[in-house]
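1239 is the number of the first residue of the sequence shown in this note's numbering; add one for each residue after it.
Glycine residues also receive a C-beta, built at the ideal position from the N, C-alpha and C atoms.
Small disclaimer: the values here were computed from a predicted structure and weren't measured.
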Amino acid sequence: MPGAPAPLAVQPWPGATPVARDGVLVIGVAGAAGRGDARARLRLALREALAAVLHIPLEQIVVASTPGQAPRLTLAGAPAGLSLSHEEGLSLAAVNLKGAVGVDLMRVQDLPDWRAVAHDYLGPALAGTLAREASERRALAFARAWTAREAALKCAGMALLEWTPATAALDCRCLDLALPEGLAGTLALPRSG
1239 MPGAPAPLAV QPWPGATPVA RDGVLVIGVA GAAGRGDARA RLRLALREAL
1289 AAVLHIPLEQ IVVASTPGQA PRLTLAGAPA GLSLSHEEGL SLAAVNLKGA
1339 VGVDLMRVQD LPDWRAVAHD YLGPALAGTL AREASERRAL AFARAWTARE
1389 AALKCAGMAL LEWTPATAAL DCRCLDLALP EGLAGTLALP RSG
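The structure is reproduced here in structure tokens:
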């Protein structure tokens, strides 16, 4: 699409020391076997990557979890924005040193109930746009729309919920992520940050 920004690169870890751009860092960790293993590997990778980027000891980087709540990140005692997402074969961690962040990842696939899901969670206007999309492009369009919605909700500190006019225009900007074929992902950042 002409004029559309290029997708944002996901920096693989382990690998070269990642680069934080304007305080934002997105890393990807490939190949975890199960969800528990993926979570543990991603949290360790995130701490290692941040230690390399920020030149602080690993022990000063804490990823804390409480069941039912988003994980929290503390760097040398100061909070930072953190969002995680997992899909079979790839996990993503997004950090915003200046505030909130959201990231979501989804496998591109034809969903038999996409119309109902789109209407309930993405809203009637976007469901209509998806219905007009050519069938061979609809799965990718749906995955991009879904990950944008999830990432925006995470950035706003909200759990997944059905679409309402009140949550239709969350105050964030969404950026597509450059991912392997068959995956779609979005990074969401506050508009003011």
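Given residue i as reference, the closest of the options once Cα atoms are compared
i: Arg1376; options: Gln1347, Leu1398, His1357, Ala1363; result: Gln1347
i: Arg1281; options: Ser1329, Arg1387, Gly1269, Gly1306; result: Ser1329
i: Leu1343; options: Pro1252, Ala1258, Val1264; result: Val1264
i: Ala1258; options: Cys1393, Arg1411, Ala1332, Cys1410; result: Ala1332
i: Ala1416; options: Glu1400, Ala1363, Gly1266; result: Gly1266
i: Met1396; options: Gln1307, His1293, Leu1246; result: Gln1307
i: Leu1391; options: Asp1409, Arg1382, Phe1380; result: Asp1409
i: Ala1318; options: Lys1336, Glu1325, Pro1305; result: Lys1336
i: Ala1316; options: Glu1326, Gly1327, Val1300; result: Val1300
i: Val1291; options: Ala1404, Gly1274, Asn1334; result: Asn1334
i: His1357; options: Leu1246, Pro1403, Asp1260, Leu1284; result: Pro1403
i: Leu1429; options: Cys1393, Arg1310, Trp1401; result: According to the sequence as given, residue 1429 is Arg; it is not Leu. Closest option to Arg1429, Cα to Cα, is Cys1393.
i: Ala1338; options: Arg1411, Pro1256, Pro1305; result: Arg1411
i: Gly1340; options: Phe1380, Ala1426, Pro1362, Trp1352; result: Ala1426
i: Leu1364; options: Ala1406, Arg1279, Trp1251, Leu1288; result: Ala1406
i: Gly1423; options: Leu1399, Leu1378, Trp1401, Leu1398; result: Leu1378
i: Leu1399; options: Gly1361, Pro1252, Pro1295, Pro1350; result: Gly1361
i: Arg1345; options: His1324, Tyr1359, Ala1354, Val1355; result: His1324
i: Ala1498; options: His1293, Arg1382, Arg1277, Arg1273; result: Nothing can be reported for residue 1498, as the shown portion of the chain is limited to 1239 through 1431.
i: Trp1401; options: Ala1383, Leu1288, Leu1296; result: Ala1383
DSSP state of residue i mapped onto helix, strand, coil
i: Thr1402; result: coil
i: Leu1335; result: coil
i: Ser1303; result: coil
i: Gly1319; result: strand
i: Met1239; result: Bear in mind that the predicted position of Met1239 carries a pLDDT of just 46, short of 50, making it unreliable; the figure below should be weighed with that in mind. Correct three-state label for Met1239: coil.
i: Ala1244; result: coil
i: Glu1326; result: coil
i: Ala1416; result: strand
According to DSSP, residues forming a beta bridge with residue i
i: Cys1410; result: Pro1428
i: Arg1345; result: Leu1421
i: Pro1250; result: Gly1266
i: Gly1340; result: Ala1426
Bounding residues of the beta strand (DSSP E) (the contiguous stretch that carries residue i)
i: Arg1281; result: Where Arg1281 is concerned, there is no enclosing beta strand (DSSP E), although the alpha helix (DSSP H) it sits in stretches over 1273-1292.
i: Thr1255; result: Looking at the DSSP string, Thr1255 is not in any beta strand (DSSP E), and its letter there is neither H nor E.
i: Leu1296; result: First-last for Leu1296: undefined, no H or E at that position.
Where the alpha helix (DSSP H) through residue i begins and ends
i: Arg1353; result: 1352-1355
Checklist line | alpha helix (DSSP H) runs wholly inside the stretch 1358-1399, at least 4 long, in chain order | finding: 1362-1370, 1373-1393
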